[in-house]
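Novice: I have a structure here, written as structure tokens, and I will follow up with some questions on it.
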Amino acid sequence: MAARVAAMVGQVLPLKTVAPSMMVTARTQPFLTPVVIGIDRPLSFKQSAVGSLVIGGGILGKPCPDEDTSYTVMDRMPQSAVATLEAFPALAHVPVLRTWTGLEGATPDGIPVIGPGQGTPDLWHAFGFCGHGFQLSPAVGEAVARSLVSGTREATLAPFDCGRFASRVAA
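Numbering (full-length UniProt numbering), first residue to last: 1 to 171.
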């Protein structure tokens, strides 16, 4: 949707729609507080406050942005389960209850677009968080708000400028 809004004012910004998939297990005894991320395998793993395990890690479903939905591709899900059991073999008895996917915007460089549009200083973009929106949005919202109130873009937002794609789009 964000790329479509940009296009309405003549800006072409590269944004691909992806559908990250997650699995949720039955509740189990709490044993882990931090989020576990796999460096060499598709794994993102956390335990909810009620004990359910939420397992992901880059396994993609099928995005259907024109229908505003996505679908789990079930034959891809075992990759996350295997990675989880390699890290935590004691969880082999915990059943997966459901899977889900959601639509997410991804930029080519994996970095969000944050700041005013090219040639449209009154239209600000904040999209393409590539799966990190929940973590980044509070700080981004604060930096954007300060920029808008002061009338000057904060220097910390410069690397996220949409102009970084200008040469790629024109090429």
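For glycine and all other residues, C-beta sits at the position ideal for the given N, C-alpha and C.
1) Tell me which same chain residues have a C-beta within less than 7 Å of the C-beta of A83, skipping the five on either side of it?
2) Would you report the Cα separation of V158 and H132, rounded to the nearest angstrom?
3) Pick helix, strand or coil for P20, following the three-state DSSP scheme.
4) Taking three-plus beta-carbon pairs below 8 Å as touching, is the stretch 7 to 15 in contact with the stretch 117 to 131?
5) Work out the CA separation of W100 and A90 for me, nearest whole Å.
6) List the endpoints of the continuous beta strand (DSSP E) containing A6.
7) With a CB to CB cut of under 7 Å and the five nearest residues on each side skipped, what residues in its chain are close to M77?
8) Between which two residues does the beta strand (DSSP E) containing L123 stretch?
9) Have a look at K62 and D109 and give me their C-alpha separation to the nearest angstrom.
10) Grab the span of the beta strand (DSSP E) containing G56 for me, first residue to last.
11) Excluding five sequence neighbours on each side, which residues of the same chain lie with their C-beta closer than 6 Å to the C-beta of T28?
12) Does V73 come out as helix, strand or coil in the three-state DSSP assignment?
Specialist: Per the coordinate set shown:
1) If you number the sequence shown from 1, residue 83 lands on position 83. So the qualifying residues of the chain are G38, R41, P42, L43, G57.
2) On the sequence shown, position 158 is the one that residue 158 refers to. On the sequence shown, position 132 is the one that residue 132 refers to. With the sequence shown as reference, residue 158 is identified as Ala, and Val is not the correct amino acid for it. Those two C-alpha atoms are separated by around 18 Å.
3) As a working mapping, residue 20 is identified with position 20 in the sequence shown. The answer is strand: DSSP assigns P20 an E or B state.
4) yes
5) On the sequence shown, residue 90 is found 90 positions in, with the first residue counted as 1. On the sequence shown, residue 100 is found 100 positions in, with the first residue counted as 1. Whole-angstrom Cα-Cα distance: 24 Å.
6) As a first step, residue 6 must be located in the sequence shown, where it is residue number 6. Premise fails: A6 lies in the alpha helix (DSSP H), 2 to 8, not in any beta strand (DSSP E).
7) Working through the sequence shown from its first residue, we reach residue 77 at position 77. Around M77: S21, M23, I59, T99.
8) Residue 123 sits at position 123 when you count from the first residue of the sequence shown. 120 to 127 is the extent of the beta strand (DSSP E) around L123.
9) By one-based count along the sequence shown, residue 62 stands at place 62. By one-based count along the sequence shown, residue 109 stands at place 109. Each residue's alpha carbon lies about 21 Å from the other.
10) Start at 1 with the first residue of the sequence shown, and residue 56 comes out as number 56. Looking at the DSSP string, the run of the beta strand (DSSP E) that includes G56 is 53 to 56.
11) Reading the sequence shown from its first residue, position 28 is the one you call residue 28. Taken in chain order, the residues that qualify are G51, V94.
12) Residue numbering aside, residue 73 sits at position 73 when the sequence shown is read from its first letter. Of the three classes helix, strand and coil, the one that applies to V73 here is coil, per DSSP.
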